[in-house]
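Heads up: the structure comes next, in structure tokens.
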Amino acid sequence: MVDREKMYSIGGYWYMDDPGLINRMKALKIKVLKTRRGGIVDAPEVVAHYLQTLPNHTVDPMLNRVNMLKPLPKRIGLNKEIQPLKGSPQPDGLE
348 MVDREKMYSI GGYWYMDDPG LINRMKALKI KVLKTRRGGI VDAPEVVAHY LQTLPNHTVD
408 PMLNRVNMLK PLPKRIGLNK EIQPLKGSPQ PDGLE
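All the letters of the sequence shown, read from the start, carry residue numbers 348 to 442 under my numbering.
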């Protein structure tokens, strides 16, 4: 499924209905990972597969892999997740 010698990046939400878009934005060189039988592989499945290949199923992430350009926005509601990072689109007058 995953070649451990390659570098992968993930591009958010991709849908078969809009194959040229990621997160509703035009994107170039989109390559969807697929199983040997042709099924689409979701990002969490790729991560789970990778973690299963590690000794004792452990992770040793490199520190400071993500450099923040600006602080994350405060959460909008009770949910502690921030997804998408800029919040969901709000109807006119509710921003």
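For each residue, glycine too, the CB sits at the ideal point set by N, CA and C.
Rounded to whole angstroms, what is the Cα-Cα separation between residue i and residue j?
i: residue 421; j: residue 414; result: 18 Å
i: residue 365; j: residue 398; result: 30 Å
i: residue 372; j: residue 391; result: 21 Å
i: residue 424; j: residue 352; result: 40 Å
i: residue 514; j: residue 389; result: This structure does not reach residue 514, given that the chain is present from 348 up to 442, and the question cannot be answered.
i: residue 395; j: residue 385; result: 19 Å
i: residue 442; j: residue 403; result: Confidence is the limiting factor: at residue 442 the pLDDT is only 45, short of 50, which leaves the residue's position unreliable, though a coordinate-based value still follows. Whole-angstrom Cα-Cα distance: 47 Å.
i: residue 382; j: residue 405; result: 24 Å
i: residue 416; j: residue 374; result: 21 Å
Using 7 Å as the threshold, is the C-beta distance between residue i and residue j below it?
i: residue 362; j: residue 370; result: no
Give the secondary structure of residue i by DSSP, where H, G and I count as helix, E and B as strand, and everything else as coil.
i: residue 419; result: coil
i: residue 355; result: coil
i: residue 398; result: helix
Can you round the beta-carbon distance between residue i and residue j to whole angstroms, since I take them to be within the 8 Å contact cut?
i: residue 387; j: residue 393; result: About 11 Å separates the two Cβ atoms, so there is no contact after all.
Can you tell me which residues form a DSSP beta bridge with residue i?
i: residue 368; result: 373
i: residue 362; result: 365
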